[in-house]
Each structure stands twice: as structure tokens, then as C-alpha cells.
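Report on the structure given below.
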């Protein structure tokens, strides 16, 4: 049956893309928390965020992927770089950026990963997920828009109030007077 | 695709973010690690949304992105204020409230 072969090929392609993205994200995340150069750390964070956008597209969440690129890579990483430059952070390769509880932190992170891994493996082993378009004849973006302005209007308005408050708060806190 | 692939990737990113938030000294790097944690949560939300065939996961991921933007704005303002008052953003040196 040709459709079965098509589905199989699609699955293989998805697996390859997922493996490439996941590998890049994992390595970049590790480098981000271990590198001794502040600007390199911000650039590794950019790689992780872009990989996450790719993961969202794999899961057919294209609107979230675009928002991820716009807000995270376009705004948040730039804000982080501004923060690094405005605080006159040392920009060399040599300085020590970790505190003296690094090994304790590594133990905690490993323990947490083991715990999460065992739980996930027990709870969801063999569960399949297939990314599909959720509405008939529409796109997931349309479905997300309808859902936000239909089921989640009040959280949406609260989020806008939150953004306004954060804007005013940031200006008030950082203002020179 | 298996659901666990996404969940394990998100768990790994979460743990790396926790390590960064605990082990880093520069407060901007700690803020970046927190972004990593929030991003891991977003991957989980969207994976579970696709698993349950609902759009709610994507909506919540969008809300998380909005909250992350607000958090970074206020956080960096606080970092700048600390730098202006103490001329350092090392978290080890911000210990005025230590008992």
C-alpha cells in the first residue's frame, strides 16, 4: 500500500530530524552552562532556543515556533546580551564563572534527571504521539487563535496586564533618579 | 514518534538548567539558565498537547513565553540596579540579607 510506505518514510524523516535537533540542543545546553565565555554562553542559548523552535514544528505547533523565534531569539537573547554589556561583564575566556558549589549542583541535577527518567520510563514507555492538524480544513494556528479568544480570554487579558506591569516595573526599577 | 523522546529531551534540558542556575556566579547567566528551564517546560506542554490531540498545550506554551518575557525584563532591571549600587553582579557578593 503506497500510503503506508509514505507514512513510514515520514516517520523515518521525523526521527532523523528529531535526533539531529535533540543532539544539537543537548550539546549546546551543556556547553552553555560550562563555557567560561559569557557571550558564547548567550550564543549557545540561542542554538538551544532555535532547536526548540524546530521541535515545535515537528509537533505541528507552527505558531508557537514562530513566536519562539520572535520573542526568545529576537528579544530575550538580545536583552541578555545588553545585560552582559551594560554590567561591563569581563568578556575574556579566562575568568571563573562558577561558584564553589558546582559539584553539589551537578549531583542534584543528575539525581533529578534520574528521578525524572525513571518516572517517564514507567509512565509513558511505548506511548506514541502523532502531530496532526487539529481542525478540519484549517491550520493549527487558526485553532490556537480560536482557542485563545474563545476559551482562554480571561487568561489572555491577565497576561496583557502582566506584561504592562512588567514594562512599568522594569522602567521604574532601572531608572536613574 | 514516541512521546518519551520529547519528554526525555525536555527533562535533560530542565536538569541542565537547574545545574546552571545553581552553579553559575554571574546573575545574567542564572537568568539564562532559568530561560532554559522554562523552555523545557514548553516542550513538555506542546508534546502533551499533541499527545492528547488538544490545542491547549500550545496556548499554555504561549502564556509561558509571555511570562518569560516579563520575567527577563524585570530580572535584568534588577540586575542593572544591583550593578549600579554594588559594581558587581556576582551572586556570591550579594549577601546583604544573610542572617
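Residue numbers (this note's numbering), protein chains in the order written: chain A, 104 to 280; chain B, 1009 to 1107.
We treat Cβ as the ideally placed atom computed from N, Cα and C, and that holds for glycine.
Start-to-end residues for the alpha helix (DSSP H) that takes in residue i
i: residue 147 of chain A; result: 141-161
i: residue 224 of chain A; result: 205-227
i: residue 170 of chain A; result: 165-170
i: residue 1038 of chain B; result: 1035-1059
i: residue 244 of chain A; result: 243-253
i: residue 1093 of chain B; result: 1064-1094
i: residue 1010 of chain B; result: Premise fails: residue 1010 of chain B is in no alpha helix (DSSP H) and is neither H nor E.
i: residue 270 of chain A; result: 256-277
i: residue 186 of chain A; result: 180-189
Residue i versus the options, residue with shortest Cα-Cα distance
i: residue 177 of chain A; options: A:150, A:201, A:134 and A:161; result: A:150
i: residue 1016 of chain B; options: A:215, A:206, A:209 and A:252; result: A:215
i: residue 1076 of chain B; options: A:234, A:145, A:125 and A:269; result: A:269
i: residue 1018 of chain B; options: B:1083, B:1050 and B:1031; result: B:1050
i: residue 125 of chain A; options: A:158, A:111 and A:107; result: A:158
i: residue 281 of chain A; options: B:1011, B:1020 and B:1010; result: Coverage of chain A is limited to positions 104 through 280, which leaves residue 281 of chain A absent and any answer about it impossible.
i: residue 1074 of chain B; options: A:279, A:258, A:160 and A:129; result: A:258
i: residue 274 of chain A; options: B:1089, B:1036 and B:1104; result: B:1089
i: residue 1098 of chain B; options: A:261, A:202 and A:278; result: A:202
i: residue 179 of chain A; options: B:1044, B:1027 and B:1024; result: B:1044
i: residue 272 of chain A; options: B:1096, B:1083, B:1103 and B:1093; result: B:1083
i: residue 1028 of chain B; options: A:280, A:156 and A:206; result: A:206
i: residue 1026 of chain B; options: B:1048, B:1096, B:1013 and B:1012; result: B:1048
i: residue 1060 of chain B; options: A:227, A:254 and A:156; result: A:227
i: residue 155 of chain A; options: A:188, A:141 and A:120; result: A:120
i: residue 287 of chain A; options: B:1107, B:1023 and B:1035; result: It is not possible to answer for residue 287 of chain A, since the shown part of chain A is limited to 104 through 280.
i: residue 111 of chain A; options: B:1091, B:1092 and B:1009; result: B:1009
i: residue 1062 of chain B; options: A:278, A:233 and A:168; result: A:233
i: residue 1031 of chain B; options: A:139, A:260 and A:261; result: A:139
i: residue 1014 of chain B; options: A:169, A:122 and A:253; result: A:122
i: residue 169 of chain A; options: B:1066, B:1080, B:1078 and B:1081; result: B:1066
Contacting residues, own chain, Cβ-Cβ under 6 Å from residue i (five flanking each side not counted)
i: residue 185 of chain A; result: none
i: residue 134 of chain A; result: 147
i: residue 131 of chain A; result: 147, 150 and 151
i: residue 230 of chain A; result: none
i: residue 247 of chain A; result: 166
i: residue 1094 of chain B; result: none
Residues of its chain near residue i, where Cβ-Cβ distance is below 7 Å and the 5 sequence neighbours each way are ignored
i: residue 1064 of chain B; result: 1057
i: residue 104 of chain A; result: Low local confidence applies: a pLDDT of 48 at residue 104 of chain A is under 50, so the model's placement there is unreliable, with the coordinate-based value given in what follows. So no residue of the chain qualifies.
i: residue 265 of chain A; result: none
Residue-level contact to chain D via CB, residue i, 8 Å cutoff
i: residue 242 of chain A; result: Among the chains of the structure shown, chain D does not appear; the protein chains present are A and B.
Same chain, Cβ closer than 8 Å to residue i, neighbours up to 5 away in sequence not counted
i: residue 250 of chain A; result: none
i: residue 189 of chain A; result: none
i: residue 1101 of chain B; result: 1094
Legend entry - Residues of the region 180-191 of chain A with Cβ closer than 7 Å to any Cβ of chain B, in chain order: Listed in chain order, the positions of the region 180-191 of chain A with a beta carbon within less than 7 Å of a beta carbon of chain B are 182, 183, 186, 187, 189 and 190.
Inset, instruction - Taking a Cβ distance cut-off of 8 Å, strictly less, list which residues of the region 1035-1063 of chain B are near chain A, in chain order. - result: 1036, 1037, 1039, 1040, 1041, 1043, 1044, 1047, 1050, 1051, 1054, 1055, 1057, 1058, 1059, 1061, 1062 and 1063
Legend entry - Near-chain A residues of the region 1075-1086 of chain B - C-beta to any C-beta below 8 Å: 1075, 1076, 1077, 1078, 1079, 1080, 1081, 1082, 1084, 1085 and 1086
Legend entry - Under 8 Å (Cβ pairs) to chain B, residues found in the region 141-156 of chain A: Here the close residues are 141, 144, 145, 148, 151, 152 and 155.
Inset, instruction - Check distances from the C-beta atoms of the region 197-222 of chain A to those of chain B and list, in chain order, the residues that come in under 7 Å. - result: 200, 201, 202, 204, 205, 208, 209, 211, 212, 215, 216, 219 and 220
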